[in-house]
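Trainee:
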Amino acid sequence: MDRLATARRTRIPRLLTAPRAALLLCALAVGAPPALASLFATGIQNGDFATGNLLGFRANGLRGGGVEVVRQGTEFSAIPGSSEIPFPNGPGSYAARLRSRGDGIAGSMAILTTLPFLPGLSEFTFATFSESEAVRLELLFLEPAADVLRPAAADVQKRLMLPIDETHTDRAAGFKTIRVPFPRGPEHPVKIQFRQESLEPLNGYFTLITNIRIGEPVPLQDRDGDSIPDQFDNCVPVRNPNQENSDGDRFGDACDNCPYVQNNDQADRDGDGVGNRCAIDITGDGFTDEADVGVFAAAVDGTFNPACDFDDDGRVDVLDLALFARSVRIGIASDDLWDFTWAFVDHSVNGGIGLATPQGMVVSAIWGSDLIVFPGRWALMVRSDATGNPEAEGVLTSRPFVPRGPRLTLTAVSESPDVAATVRVLRPTRTPSTPSPESILLDVPLRNDRPGTGPSARFLGQLLDLNPWFNAERPLRNQRIQVQIRQHTTRAGSGYFTLIGDVRTGP
Amino acid sequence: MMIRSLALVAVVVLLAAASWLLRPSDWAHHGATLDPSNVTLRPGERTVVRLVNNEADVVALRFRLRFDESIIALDTIEPEHTSILTGGNAINLPSRQQPGLVEVPGSAVIGGRVFYPSAPVYRFAVRGVNPGTTTLAVEDLTVVDLGDAERAVPASPSQVTVRDR
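Those protein sequences? They're chains A and B, same order as listed.
Residues 482 to 988 (the working numbering) make up the first sequence, in order.
Residues 54 to 218 (the working numbering) make up the second sequence, in order.
Structural data, given as structure tokens:
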């Protein structure tokens, strides 16, 4: 049971799946409707759902997700125990239940939105409880005229990822009260929206929300001064305004002892700053090579070695081998679907987008993107937002890997000459969105001498020399690197994309 | 016109139902298989038998292989995915051999990749020793999937007959 629970918690989200790509692209296609100048009611109505229904709210869902009002004392989950969950307002009180569908299809999302209102005060509170840590719970502040399902970027005043702490489906369940300021102050009309998505497509988890109330202002603490209040900050002690979180666990990359492997326990038995889940340098010599594989094999053979016990269950077995192998990354060859969807992480900033897309998908408002012939079945795409805001930068970063050879090759095509795209080679960094100058080994502009779209678009090859960092005699003892693709539009008013058809290291 | 429309709707519904019933997950094999399932050899003759994985999203596996050593011998046991130590994408732990039993304690693909379904994962060079029939049987096949779930899966055996001409 413990093993199963651990497995459920540690499932790695696929960050670059086609459904998410479709959602993002649809969002791009929707323009920002003009702001409404009418008057709005002050305050939130029926925030405790005491009417027993969703009066004052709109309920929506994507891919089977949904919202309904549930009452304390009733069973409302397939997992037994939901009738025992104590609601903040006691027996017989109500809460909105946001539920994702667990049919194996990713992207099932429940959406609860208030009607537009004037805040009147500077902040509001609400109480929430999630059934599992494997949910993504977001809070959005929207302009009154924003599209509820796919709001345009300009209509999103602010977007916050809400922390999920304790999860029980029984009488030990505890609602958490969260206080949030209105991003545009008390005089700017707004719609509040909650979005819940299950991170495990096979499990449809729920989140309860109630007592959405506008209260008295209380200063929020922000100890690291990154303008993210502590209660939302995924790394309280370290300034990380971009909140990069490559593995989607509760710890931002800046604080995470395994930035690319989910480990909410942050267990680190030898105190070396590398979490047990990703401590693949078993011998402690700075590399993962023959010696580490030999020590691991001996541990499976009967000589227990805690350094090989990646799941901390007191034995070394095939599950530890799976965890060990997952963190070992050698080479990159992104003609492989797995490298497209697992090797790269979206670290885009200011509304930019980075994702993997299959050939034949419409990825632009300009005709022809679905007719571009890719070198393989998939390509990586980086782009700015639809408005061409030069600060919106699409950023894709590979997980750290050991190069297979002294050359990095890739092919790319940009939709327009009005883009600036670069490829970078980085030392492994905790701030991939904005790597420090010391982390950047190479920064090379991507060729863009034949921009275009449609069937005549051609991917152009490019080569980067990794020789200064490559040891041909002991390839496994090479320094780990990250490859990063960045692109922004240089002409405000239009957003363009760059496709990267193949990235690989080799001889 | 109305009847024609109803007939069209019925055909569409039937086609949708049929495609749902015949979706890949229903007809795909599960577990693993030894291929070929029947082998006939002469004493001293060799052939290759492969262990084929039919499960989706498998990142690591272990198993034992049992046989009658008086009838056949296993000359080599080789993973299909080569080791990272020789430029490949797998970590293959060394197998252990006893008379009539081979234990493979683990093989895993690196970097979040998977063993593709319906693809061989191991190959065994089987040599006929003495006339007779034995079952080459996979025991205790355990796989780990992308969600870190570990589970036992069935594997169908291979029947090996050794006969003098």
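By construction, the Cβ of each residue, glycine as well, lies at the ideal position given by its N, Cα and C atoms.
Can you name, in chain order, every residue of its own chain whose Cβ lies under 8 angstroms from the Cβ of V105/B, other than the five neighbours on each side?
Mentor: Around V105/B: A85, T86, L87, D88, S171, A172, P173 and V174.
Trainee: With 16 as the cutoff for other CB atoms within 10 Å, does W859/A come out buried or exposed?
Mentor: Answer is buried; the Cβ neighbour count reaches 16.
Trainee: Within its chain, find whatever has a CB closer than 6 angstroms to the CB of A190/B; leave out the 5 residues flanking it on each side and keep chain order.
Mentor: Counting only Cβ-Cβ distances below 6 angstroms, and skipping sequence neighbours, we find R119 and P210.
Trainee: When you compare only the Cα positions, how much space is there between T188/B and H83/B?
Mentor: Looking at the two C-alpha atoms, the distance is approximately 20 angstroms.
Trainee: Going by DSSP, which residues form a beta bridge with F882/A?
Mentor: Answer is I962/A.
Trainee: Considering D801/A, what are the terminal residues of the alpha helix (DSSP H) in which it resides?
Mentor: Counting along the chain, the alpha helix (DSSP H) containing D801/A begins and ends at V799 to S808.
Trainee: Are three or more beta carbon pairs between the region 838-848 of chain A and the region 199-217 of chain B nearer than 8 angstroms?
Mentor: No, because fewer than three Cβ pairs between the region 838-848 of chain A and the region 199-217 of chain B fall closer than 8 angstroms, the two stretches do not touch.
Trainee: Strictly below 8 angstroms CB to CB, what residues from chain B border W823/A?
Mentor: By Cβ distance, chain B contributes G164, G165 and R166.
Trainee: Can you confirm whether A208/B, when its beta carbon is compared against all beta carbons of chain A, has any partner nearer than 7 angstroms?
Mentor: So no, A208/B is outside the interface.
Trainee: Kindly give me the distance between the Cβ atoms of A970/A and V900/A, rounded to whole angstroms, as I take these residues to be in contact under 8 angstroms.
Mentor: One point to set straight first is that residue 970/A is Thr, not Ala, in the sequence displayed. Confirmed, Cβ separation roughly 6 angstroms.
Trainee: Using the Cα positions of P722/A and G832/A, report the straight-line distance between them to the nearest angstrom.
Mentor: Straight-line Cα distance between these residues: approximately 14 angstroms.
Trainee: Distance check for G783/A and G141/B, CA to CA, integer angstroms please.
Mentor: Computed Cα separation, rounded: 26 angstroms.
Trainee: With the cut-off set at 7 angstroms, would you say A806/A and S879/A are in Cβ contact?
Mentor: Cβ distance not < 7 angstroms, so A806/A and S879/A don't count as in contact.
Trainee: So that I know if they touch, is there some Cβ in chain A lying closer than 7 angstroms to that of T195/B?
Mentor: Cβ-Cβ to chain A under 7 angstroms: yes for T195/B.
Trainee: Which residues in chain B have a C-beta closer than 9 angstroms to the C-beta of A522/A? List them in chain order.
Mentor: Per Cβ cutoff of 9 angstroms: no residues; A522/A is ~46 angstroms from chain B at best.
Trainee: Could you give the DSSP three-state label for S160/B: helix, strand or coil?
Mentor: Note: S160/B maps to strand in three-state DSSP.
Trainee: Would V191/B count as contacting chain D if we go by Cβ distances under 7 angstroms?
Mentor: The structure shown has no chain D; the protein chains it does contain are A and B.
Trainee: With 16 other CB atoms within 10 Å as the buried threshold, where does L800/A fall?
Mentor: Classification of L800/A: buried, given that the 10 Å Cβ count is 16 or more.
Trainee: Looking at L599/A and T650/A, is the spacing between their C-beta atoms short of 7 angstroms?
Mentor: Going by C-beta atoms, T650/A is not nearer than 7 angstroms to L599/A.
Trainee: Identify, in the order they occur along the chain, each residue of the same chain with its Cβ nearer than 7 angstroms to the Cβ of G756/A, setting aside the five sequence neighbours on each side.
Mentor: The residues are N738, C739, N744, Q747, A748 and D749.
Trainee: Please tell me whether L802/A has its Cβ less than 7 angstroms away from any Cβ of chain B.
Mentor: At least one chain B Cβ lies under 7 angstroms of L802/A.
Trainee: Do you know offhand how far A654/A's Cα is from Q677/A's?
Mentor: Using only the alpha carbons, I get a separation of about 18 angstroms.
Trainee: Please classify V781/A: does DSSP put it in a helix, a strand, or coil?
Mentor: Here V781/A sits in helix by DSSP.
Trainee: How about the region 553-572 of chain A and the region 708-726 of chain A: do they share at least three Cβ pairs that are nearer than 8 angstroms?
Mentor: The answer is no - the region 708-726 of chain A does not touch the region 553-572 of chain A, with fewer than three Cβ pairs under 8 angstroms.
Trainee: Report the three-state DSSP secondary structure of I137/B (helix, strand or coil).
Mentor: It is helical.
Trainee: Going along chain B, which residues have a C-beta under 8 angstroms from V964/A?
Mentor: Under the 8 angstroms cutoff, chain B gives no residues; its nearest Cβ is about 14 angstroms from V964/A.
Trainee: By the DSSP assignment, the beta strand (DSSP E) with R180/B in it spans what residues?
Mentor: Start and end: A172 to G181.
Trainee: For my contact list, I763/A and C789/A are in at a C-beta cut-off of 8 angstroms; report their separation, rounded to the angstrom.
Mentor: With a Cβ gap of about 6 angstroms, I763/A and C789/A count as contacting.
Trainee: Report the residues of the region 107-123 of chain B with a CB closer than 8 angstroms to any CB of chain A, ordered along the chain.
Mentor: So the close ones are V112, A113, L114 and R115.
Trainee: If you measure from the beta carbon of A161/B to each beta carbon in chain A, is any gap under 7 angstroms?
Mentor: True, the Cβ-Cβ gap to chain A drops below 7 angstroms.
Trainee: In terms of DSSP beta bridges, what is Q150/B paired with?
Mentor: DSSP, once it has assigned bridges, lists V155/B as partnering Q150/B.
Trainee: If I measure Cβ to Cβ from L194/B and keep anything under 7 angstroms in the same chain, skipping five residues before and after, which residues do I get?
Mentor: So the list reads A85, L114, F116, A205, V206 and A208, once near-sequence residues are dropped.
Trainee: Measure the alpha-carbon distance for S975/A versus R928/A and round it to whole angstroms.
Mentor: Straight-line Cα distance between these residues: approximately 20 angstroms.
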